[in-house]
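Take a look at the structure below.
Chains as they are written, first to last, in my numbering: chain A, 1 to 330; chain B, 1 to 399; chain C, 1 to 287.
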């Protein structure tokens, strides 16, 4: 669903306004929580580029998310903060490079193999970090400081301030969204969409599909790296689970939950997924049953129900509600 | 055109309502939370997953101690807040913040898994909230990153194994192979073992490890047999411990090469391991069969209240409760009086089922290590392996 | 490495490989014939283990538990297929991945509610409790030989079923061309149900016979799941023969890797998979 109906677009503008205002009304804890959701939204959008637009289902996308976080952890010195102008590009580059290398091996496979191979490579990266104390091992690494945002000696932004970090993340999310929407409608994006629909036909038309897919994979990896970098900045702690199978599966869930292919769905899905997860974990006690304790059951059932009944995700549902008879297929 | 307009309006109004509800739902806990004068105790423990059993035992022990001491802290009622840490290090900081920032607890008690503990520790150091560690033995929390508001009532990873070496050498086992999982707890347990064993005159022939939480031990067991050591020393915990014990016996090593370990090898595992565990010697700061009136009374009370037998995790939870009650009483419930609160906790002697113990300068227990042997699904205490063993606290800049 | 040690490591590899094969065979059959990717396959393994624990306690013998447990697991598989899986054969792989991922959560929680979170042991039957001495220090447990024997027997049974029986013929026909098979009057729905049940049954039996040596504990399914996928990918999706070869290969690499190259042992199997895929992008025995 690439074209969003007007009603949905209005909704999103409303939500954006709410997001912009939120840090000035919400308490610290919730500001942090929404910041984290926005970071995950960037992560989900990067996956949407692969999954929703190019039709490549990657079960190992979290590897690039985590790698950028690790890059930040390694770059940040023990005793003073490094600059964002140094750490950000390098971390995103590291993630993108890893995606390029792994993509080179992985993009040549198709269908179910692609899914399995992306998972396997991600597991390989996971074990690389998990098993080696030099890289932090299973305990992970601390990011000792938040990076400085300076212009010469003038401190532009203080990332230790939660509101500032929130607004910076919001800005990043909007930038990524804008960039990806532009990309979607560019010749490159149209080619990717064509590959998703029918790769053979695209090849017959003379497109070098391997190259296109590899570029998409690398770009998606780099953007996931941006999200991972922000995660490291916010939490100050990176560990192998951030690169793991569960993280990747959650990302897929977010993209599907929101509705694939238009990037707004990825944002909605990320927020929706996190909200639902928190909702289930905080369920009250009813009688003698601690409902929140069984959150896995509610979460699992929720995922199953979404897949069975709402395969186009939340935006798909919203679009369906306001569909005009003459719109045809939304 | 008409159906289209109504549908659009419906969507807009419904979603506005939804967004409104969601945001107010997020903010509601804030509005509803008036000052009630209760002390907020936050429990961050594994309520799901492999360590769920341990989380339950810790909480049970904690509550038992609180109830026995009158059910109040410094005269104030208690309000509990719980978060399931799922033993997920990646979510450690987020979960700790739920308690510290959202629920604004006065004290956070947790947790079992060392990786998660690092998340709690970061939040504790950043926010200054009182943090009591009822299990995780990761060294850095009471060494390089010790803090005045962080106290541990359990052990540091190297303490139990430090006491093992002398016992092994005393039995004539001077050449040993060490095996564990390659993660912080395993590495730190090895640190303790190496120190104690080498000091007692033993030699470590080889150090074996497998990735955590891998349980395919066969290959390494075969290698152990080929090396022909006097004994094997190890650190495993949870489901993996039971498997290691049964695999060890099944490979024919039981009885031929004596097995020693940190006590966690045989805590809560004996039902699952069965007769394969007989004869295994371990060192730990607790043993079910400690013959003191204090321990017997504790075990009776615990069994009566929870219809379960207590283990070392329950004792650690219990001692955490005792520590907190003592501290809170000393400041008459005013937990903001930090200097007095910390002083009280630093100077108290805890009358624990494991024996009396007090805090070291780096806020880790100075305690006896018991030597135990497994006999018919029970850990029989056969002696004291080390008295008043303290963690080095290396790198801690306090006291 | 001296010969008895090498022999034991070899036996260890084969035993681990055969167990993986039981799981992978079911998974690859379900992939190959119905086109469903099932991330919850590890949960069936866990189900088998917990059934072994409960039933051997209830019925007093592991053998009885094995028989009853297999029946229960197969019944569960049929019910699950009828309720959920059969509606997903034509759906996107993505939807299947997500559905089964959600199921993992559900099964994990149900397990917690039904059996609790404790670690349990299952006793090895006295008949199989010995160990065969190979040197004065080394012996090989009889039970592990029994495990390998059961796996080999089931593998043989599966082979005979698929290539020598009418049912097997229908299964192969349905896999080759579903519509044609239906047109020829084969009840494809029933065939799919049977194949799914076989897959679940194999995984459950693997869990049951592994229970005495691996103990029964929460999350035990997730550890085998990923290995299982690696085996299927290396062997080629849909090929049971491929699954066998790949499983043995993985068993060898993993076991000897742990002993000879412990620093990279975690990564070795994945590197093997990457190497195989570079050479043959669709697995060793592509269908």
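Built from N, CA and C at the ideal position, the CB exists for glycine as well. It should be emphasised that the depicted structure is a prediction, and the values quoted were computed from it without experimental measurement.
Residues sharing a beta bridge with residue i, DSSP
i, result
"residue 216 of chain C", "C:120"
"residue 384 of chain B", "B:370"
"residue 131 of chain C", "C:141"
"residue 379 of chain B", "B:374"
"residue 270 of chain A", "Answer is none; residue 270 of chain A lacks a bridge partner."
"residue 73 of chain B", "B:76"
"residue 259 of chain C", "None; residue 259 of chain C has no bridge partner."
"residue 352 of chain B", "B:355"
Range covered by the alpha helix (DSSP H) that runs through residue i
i, result
"residue 177 of chain A", "162-184"
"residue 111 of chain C", "93-115"
"residue 114 of chain A", "111-131"
"residue 301 of chain A", "295-309"
"residue 209 of chain A", "209-235"
Between the CA atoms of residue j and residue i - distance to the nearest angstrom
i, j, result
"residue 66 of chain C", "residue 52 of chain C", "7 angstroms"
"residue 279 of chain A", "residue 110 of chain C", "20 angstroms"
"residue 291 of chain A", "residue 86 of chain B", "16 angstroms"
"residue 258 of chain B", "residue 193 of chain B", "16 angstroms"
"residue 23 of chain B", "residue 283 of chain A", "With a pLDDT of only 48 at residue 23 of chain B, under 50, the local geometry of the prediction cannot be trusted, and no value is derived from it."
"residue 138 of chain A", "residue 176 of chain C", "45 angstroms"
"residue 34 of chain A", "residue 189 of chain B", "39 angstroms"
"residue 96 of chain C", "residue 144 of chain B", "48 angstroms"
"residue 80 of chain C", "residue 40 of chain C", "12 angstroms"
"residue 254 of chain A", "residue 88 of chain A", "25 angstroms"
"residue 267 of chain A", "residue 240 of chain C", "42 angstroms"
"residue 55 of chain C", "residue 360 of chain B", "50 angstroms"
"residue 182 of chain A", "residue 176 of chain A", "10 angstroms"
"residue 165 of chain A", "residue 234 of chain A", "8 angstroms"
"residue 246 of chain B", "residue 277 of chain B", "7 angstroms"
"residue 7 of chain C", "residue 210 of chain B", "21 angstroms"
"residue 76 of chain C", "residue 50 of chain C", "14 angstroms"
"residue 282 of chain C", "residue 107 of chain A", "13 angstroms"
"residue 90 of chain C", "residue 300 of chain A", "22 angstroms"
"residue 29 of chain B", "residue 27 of chain A", "Because the pLDDT at residue 29 of chain B is just 47, under 50, the model does not fix this residue reliably, and the value given afterwards should be weighed accordingly. The alpha-carbon atoms of residue 29 of chain B and residue 27 of chain A are separated by roughly 11 angstroms."
"residue 190 of chain C", "residue 88 of chain C", "15 angstroms"
"residue 261 of chain C", "residue 253 of chain C", "10 angstroms"
"residue 2 of chain C", "residue 116 of chain A", "38 angstroms"
"residue 96 of chain B", "residue 235 of chain B", "28 angstroms"
"residue 326 of chain A", "residue 182 of chain C", "For residue 326 of chain A, the predicted model reports a pLDDT of 47, less than 50, meaning its position is unreliable and no value from the coordinates is stated."
"residue 105 of chain A", "residue 274 of chain C", "8 angstroms"
Test item: CB-CB of residue i and residue j under 8 angstroms
i, j, result
"residue 155 of chain B", "residue 363 of chain B", "no"
"residue 143 of chain C", "residue 132 of chain C", "no"
"residue 207 of chain C", "residue 48 of chain C", "yes"
"residue 274 of chain A", "residue 45 of chain A", "no"
"residue 323 of chain B", "residue 132 of chain B", "yes"
"residue 178 of chain B", "residue 208 of chain B", "yes"
"residue 76 of chain B", "residue 39 of chain B", "yes"
"residue 18 of chain C", "residue 152 of chain C", "yes"
"residue 335 of chain B", "residue 103 of chain B", "no"
"residue 276 of chain C", "residue 268 of chain C", "no"
"residue 272 of chain A", "residue 256 of chain A", "no"
"residue 168 of chain B", "residue 201 of chain B", "no"
Residue span of the beta strand (DSSP E) that contains residue i, given as start and end
i, result
"residue 82 of chain B", "78-84"
"residue 44 of chain B", "39-45"
"residue 207 of chain B", "203-210"
"residue 262 of chain B", "259-262"
"residue 150 of chain A", "149-151"
"residue 155 of chain A", "154-157"
"residue 235 of chain B", "231-235"
TODO: Report the residue ranges of all alpha helix (DSSP H) runs contained in full by the region 52-105 of chain A; include only those spanning at least 4 residues, in chain order.
DONE: 62-75
TODO: Quick one: which unbroken alpha helix (DSSP H) runs of 4-plus residues sit fully inside the region 145-216 of chain C? Chain order, please.
DONE: 166-176, 178-183 and 188-214
- [ ] Taking only runs that begin and end inside the region 129-180 of chain B, name each unbroken beta strand (DSSP E) of 3 or more residues, in chain order.
- [x] Taking only runs of at least 3 residues, the beta strand (DSSP E) segments lying wholly in the region 129-180 of chain B are 130-133 and 150-152.
Task: Whole alpha helix (DSSP H) elements within the region 283-344 of chain B, 4-residue minimum - done: Counting whole runs of 4 or more residues, the region 283-344 of chain B contains the alpha helix (DSSP H) stretches 293-306 and 312-330.
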